[in-house]
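A short write-up of the structure that comes next.
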């Protein structure tokens, strides 16, 4: 049953926890006809309840931390969390500012880190591929149990 | 509207404000190859004549352009600079006017100008929450950028003891904070 | 009209950039049926404390890289304004060749930003095909920027006293090739956006901002120029190489003959500015003076000079979204800045949003809000306060976007009948 959900393409949901938009436009550039990730069926959806992968950008600001947690809980299992950009990893250039509550993996568990400021669309695509592989492995293990 | 030269503008301020006018600095620079002149005026007035100065600027230019209010913590007082520009809309004609006002720390109040310039609302709200200057008569005194649960009495731009306390900086796990906040 | 004046909360996420580019901002819309009565804008979710970092932790050169990351779309504008402010404060004059290179890079960024906006505006209306096509066209300028500066997004070309990399004569043919490409497709872009019936129906008389309101609420950039207010820092108080070029602020009456101040006018202004940027880059390439590119090439000496400098300066730059201003104060003996104030253009444009949206419909909110090209703080969630009934409904972003697209389909169907 679980393996079937990965025979279809991955659906992504993107949440911005206070980023400068650099990573966001590179994510969109990965979907447009130049890098064209959409030919594999990977789309950005408008609601977390339809998503398989959660894309998080930005250092987490104080106002966005509870919303990030809520969105994470709304994404149905099995899910993978992909964190894009150096801000979420350690704060990037904004490290230890007074309005930031720490890297993303202190708030929600992260599976794949894509680093860069901003990372190129090719790097984001590789991150999504790694997430896909991880999802498939997780599904296999669940079936094997 | 008739355009005045920088010197005439300074004279008109002096005659409108009288003794409340403290000083003026004119900055000029030649730009690029054609050496066109770039002029900006910095006018220092006393707090009681502040609203009169703003009304005088409105006489020089209908709907003057207020870019931002910047504030500096100078120890005993807070210096606010209102960055105006006048004579926009024509090639090479615009003049920057920085209106400087000193507000002592034991009486941090400044009158609002949102009745003259409605667009000053956001920047006055930001000055209120970031520097702790109370803007008297502001129509909407909610916080603008800081979250609602930010502690009261903590002002990020101040350099004295009301700046953000040390426990607000979340040091990353496994790291020592190597820099010290500059406090004067 | 309303019998009971109860307050009802509708949570409507409004995301003008893209359903997934949910940049956090909140709009409180008070509605009466379908019509919007009042709007309240709540910002602050992207507050990272940048000015505080600049004053307490970084020295003046490190702040260039933080200023770049204030906004990823217009990441030349903030360093440009910051560097002009520091140069005015410290009394450093950049060489003329550096001024020309700065202008070339700034205009390339303007082309990229306006094309980005055009794609997203098309998406908000429901024209996804145009969104993909325009972003494909935009890739050409991204390639050019990578060729000239080394990176697509954060270019790090600026340094206090000049620029870090030179644009040499061998690179000129490649730049001209990209500009020719854009000149050849410009007419196609113009026809797609300005002469399409559906875009006209959807954007004319929507989100109107009158000239007097634009002056009172201090609107800047294309938002103000589309309402007839000719504020343009490149024309009024030129800086850098703009002082040698004759730049005229673009207003919509150059195409339509009248100024209305609606979303359609803003599309006109931005498209014509793309053409203007191409012409400016060509002029700069033709007039580029020889010389070096940095007033002080050694960073250690530069930092020393900045530590001893005392003064204040203001830097204003015409970013793609409007006037971007930075104020810097330096104090002798202090490594970090004494005062730093940043004001991005969207900060002032947000204050015109209530006047623009009042009297309109909820389905018009995405396109009207997107037309001011919100950058660093864009809408994420909107809380709707309905003054009529006492019901609580939660509309997701998908539903709001669907409302916007359905209205377009309805209009199209009526027109085709």
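Chains as they are written, first to last, in the numbering used here: chain H, 1 to 145; chain W, 1 to 184; chain L, 1 to 417. Yeah, the Cβ is synthetic: ideal placement off N, Cα and C, and Gly gets one too. Predicted, not measured: the structure shown is a model, and the values here were computed from it.
Check, Outcome
"Residue ranges of each beta strand (DSSP E) within the region 10–97 of chain H, 3 or longer", "11–16, 53–57 and 80–84"
"Residue 64/L vs residue 106/L beta-carbon contact at 9 Å", "no"
"For residue 340/L: DSSP bridge partner residues", "328/L"
"Opposing strand residues paired with residue 114/W [DSSP bridges]", "Its beta-bridge partners do not exist; DSSP assigns none."
"Among 35/W, 5/W and 7/W, the one whose alpha carbon lies nearest that of residue 239/L", "35/W"
"Nearest-angstrom Cα separation, counted from residue 24/W out to residue 148/W", "40 Å"
"Pairwise C-alpha distance: residue 103/H and residue 132/H", "23 Å"
"Residues bridged to residue 96/W (per DSSP)", "40/W and 85/W"
"7 Å Cβ cut-off: residues of chain W touching residue 317/L", "The premise fails here: residue 317/L is roughly 12 Å from chain W at the closest Cβ pair, so nothing lies under 7 Å."
"Residue environment, residue 48/W, which counts as buried when at least 16 other CB atoms sit within 10 Å", "exposed"
"Stretch pair the region 27–46 of chain W + the region 95–106 of chain W: three plus CB contacts closer than 8 Å", "yes"
"Residue-chain proximity (residue 45/L, chain H), Cβ-Cβ < 9 Å", "yes"
"Short CB-CB distance (under 9 Å) between residue 13/W and chain H", "no"
"Beta-carbon proximity list for residue 358/L, same chain, < 8 Å, skipping 5 on both sides", "36, 37, 38 and 39"
"Alpha carbon of residue 265/L to alpha carbon of residue 371/L, nearest angstrom", "10 Å"
"Contact set between residue 235/L and chain W, taken where Cβ atoms lie within less than 7 Å", "91"
"Residues near residue 70/L by beta carbon distance below 7 Å, same chain, minus five either side", "50, 78, 342, 344 and 376"
"Candidates 263/L, 176/L and 297/L: closest to residue 282/L by CA position", "176/L"
"Contacts that residue 63/H makes with chain W (C-beta to C-beta distance below 7 Å)", "147"
"Short CB-CB distance (under 9 Å) between residue 86/H and chain W", "no"
"Interface residues of the region 102–120 of chain H facing chain W [CB-CB below 9 Å]", "102, 103 and 106"
"Rounded separation between residue 227/L and residue 119/W - CA only", "16 Å"
"Short CB-CB distance (under 9 Å) between residue 16/H and chain W", "no"
"Contact under 9 Å by Cβ, residue 314/L with residue 83/W", "yes"
"Alpha carbon of residue 80/H to alpha carbon of residue 57/H, nearest angstrom", "14 Å"
"Within-9 Å CB hit, residue 65/W to chain L", "yes"
"Residue 136/W, buried or exposed, once every other Cβ within 10 Å from all chains shown has been counted against 16", "exposed"
"Assigned secondary structure, residue 389/L (DSSP; H/G/I helix, E/B strand, else coil)", "Residue placement at residue 389/L cannot be trusted, given a pLDDT of 48 that sits under 50; what the coordinates show is reported in the next sentence. Three-state DSSP puts residue 389/L in coil, outside helix and strand."
"Alpha carbon of residue 19/W to alpha carbon of residue 107/W, nearest angstrom", "22 Å"
"Assigned secondary structure, residue 259/L (DSSP; H/G/I helix, E/B strand, else coil)", "coil"
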